[in-house]
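Residue numbers (our numbering): 624 to 1217. For every residue, glycine included, the Cβ atom is placed at its ideal position computed from N, Cα and C. Reading through the structure tokens given below for one structure.
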């Protein structure tokens, strides 16, 4: 694959032209640049939009639409208004090709608004011109006139002569269709021709010359019309293109068969009609061929040539029936394509959602693995400390200490053993919580459950002469949650309150409803949490500076277990300082959800 210098906005602007003139080369470069390491998101999405343009130019609407819609979603999310406008303009062209003109018009209108927001005149002109074409196709002449007048004014303010020529030509056609061959319509047509002559596009010049001749015929200005037809014929010969030749032949036929024309020449006129019909057949323009037969029938009927007029009308009807049938077939095919595009987009959306879910799950697993690794390191450190202490004390006992010293050492050994058992119990509970042991909810009386917790823990508070207050509603409070998990959270919080509060410090267990939420609060008046350490409260492998007030053993994972349990059973756990000193932990959940 070819290599390129790092992508810049200038490369994007260059490729915007190349993708239409040399699609294969542009696509190769776009694909190479999309693989560029460290490519800025804005440039990356503009390249994707260029790739969609290439697909559209090749008639591959399914991948073009899918890519353009993704780019639009990114641009809107990131507030990239210019890219959003360009993408909407392209999506409008795609919907136009699918036959969905209302949707195309909506997209072009939004694109123009985006262009105006960021003062991008090029986008405004492109979107405005496309809006005019849609209004014209829908025969919404008043709206088309407004759009093209705005386009003329915009191009004049920019001094863009080429766009002035296009917009004045289109405005002339709209005025002719809606108001007839007015002076203004003729004036814009002549101005468009004068501008086109500067650029030398012979096909475009020929078409403008034909339009002027047609306008003059409709105005019955036959002398000028004859000269305009002669000029148009010269340009058609130079252009060597069949569509302008068809319109020239049709205009010549109408000119020579006009009944009030002093230059009337029926023979030349009907020869011109035959020429127009032949050219339409060669080009495959069914609607225009039918139109030529219709005009020929009128001309024959005006001369009482009813048999020939009827023959032309019969052909006209057959052609229009065929045209309508083909239009129906094309419309059905467009509907099929639209359905297929929607199906592909739905599949793509589902695939994207699955990918995002997998990425989220992978991130969660990575985070959980990291937390477990940290926890295992913490546990390993504590177990090593405890077991090392037990070994050391055992060695002392083996040295035949005096009975008094041996008893004291044995007491220390028992204390370390109890601390180790507590650590192992909390490890097992933490593992059970992470494996879903507390996930299933059940219906129970929350007040009764909290009273059971109070009864179990009262001896701990009594041992440190700490008052234990309980503030609960008088009647039952029925909730739906995991009873064991909720009780374990409260027990952990109360156990911490005992350990980290001095003797005679009061701890309160309170249940209350506030703002549609149940709140279980454990309020102690102990040491509290230093403000700098609050962010580390529920983090694994994070030790706080506060120590138990009576030298009680502590594992350091009680709050981690409580926080994990809260997350698993669907409640929140928060900390706030107790007024006057101490810590308050609040378990909160919506009243209506349980």
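Do residue i and residue j have their C-beta atoms within less than 8 Å of each other?
i            : j            : result
residue 746  : residue 738  : yes
residue 680  : residue 656  : no
residue 913  : residue 871  : no
residue 798  : residue 779  : no
residue 675  : residue 687  : yes
residue 1129 : residue 1092 : yes
residue 649  : residue 662  : no
residue 1175 : residue 1122 : yes
residue 1071 : residue 1099 : yes
residue 706  : residue 728  : no
Classify residue i as buried or exposed, calling it buried when 16 or more other Cβ atoms lie within 10 Å of its own Cβ.
i            : result
residue 955  : exposed
residue 944  : exposed
residue 976  : exposed
residue 816  : buried
residue 948  : exposed
residue 929  : exposed
residue 765  : exposed
residue 1187 : buried
residue 985  : exposed
residue 962  : exposed
residue 700  : exposed
residue 634  : buried
residue 982  : exposed
residue 958  : exposed
residue 793  : buried
residue 1203 : exposed
residue 717  : buried
Classify residue i as helix, strand or coil using the three-state DSSP reduction.
i            : result
residue 1129 : coil
residue 1143 : strand
residue 1209 : strand
residue 1092 : strand
residue 1123 : coil
residue 977  : helix
residue 783  : coil
residue 1200 : strand
residue 1134 : strand
residue 1104 : strand
residue 869  : helix
residue 645  : coil
residue 1084 : helix
residue 824  : coil
residue 883  : coil
residue 1066 : strand
residue 759  : helix
residue 1237 : The chain is shown only over 624 to 1217; residue 1237 falls outside these bounds and no answer can be derived.
residue 831  : helix
Assuming residue i and residue j make a contact with CB atoms under 8 Å, what is their CB distance in whole Å?
i            : j            : result
residue 1197 : residue 1112 : Incorrect: roughly 12 Å between the Cβ atoms, too far for contact.
residue 665  : residue 629  : Between residue 629 and residue 665 the Cβ distance is about 14 Å, and since that is not below 8 Å, they are no contact.
residue 646  : residue 677  : 5 Å
residue 1148 : residue 1124 : 6 Å
residue 851  : residue 835  : 5 Å
residue 915  : residue 932  : No, residue 915 and residue 932 are not in contact; Cβ-Cβ is about 14 Å, not under 8 Å.
residue 788  : residue 819  : 5 Å
residue 784  : residue 830  : Between residue 830 and residue 784 the Cβ distance is about 18 Å, and since that is not below 8 Å, they are no contact.
residue 833  : residue 855  : 5 Å
residue 1209 : residue 1114 : Actually they do not touch by this definition, with Cβ atoms about 16 Å apart.
residue 1181 : residue 1119 : 6 Å
residue 1214 : residue 1108 : Contact flag wrong, Cβ pair sits at about 18 Å.
residue 879  : residue 887  : 6 Å
The region 1080 to 1088 touching the region 1139 to 1155, judged by at least three CB pairs closer than 8 Å: no
Meets three-Cβ-pair contact criterion under 8 Å: the region 839 to 847 and the region 877 to 884: yes
Touch test, the region 856 to 871 against the region 897 to 908, Cβ-Cβ under 8 Å, three pairs minimum: yes
Contact the region 712 to 731 vs the region 655 to 671: 3+ CB pairs below 8 Å: no
Stretch-stretch touch, CB-based, cutoff 8 Å, three pairs: the region 808 to 815 with the region 846 to 862: Taking a cut-off of 8 Å on C-beta distances, the region 808 to 815 does not touch the region 846 to 862, as fewer than three cross pairs fall below it.
Sufficient close CB pairs (3 or more, under 8 Å) joining the region 730 to 737 to the region 684 to 694: no
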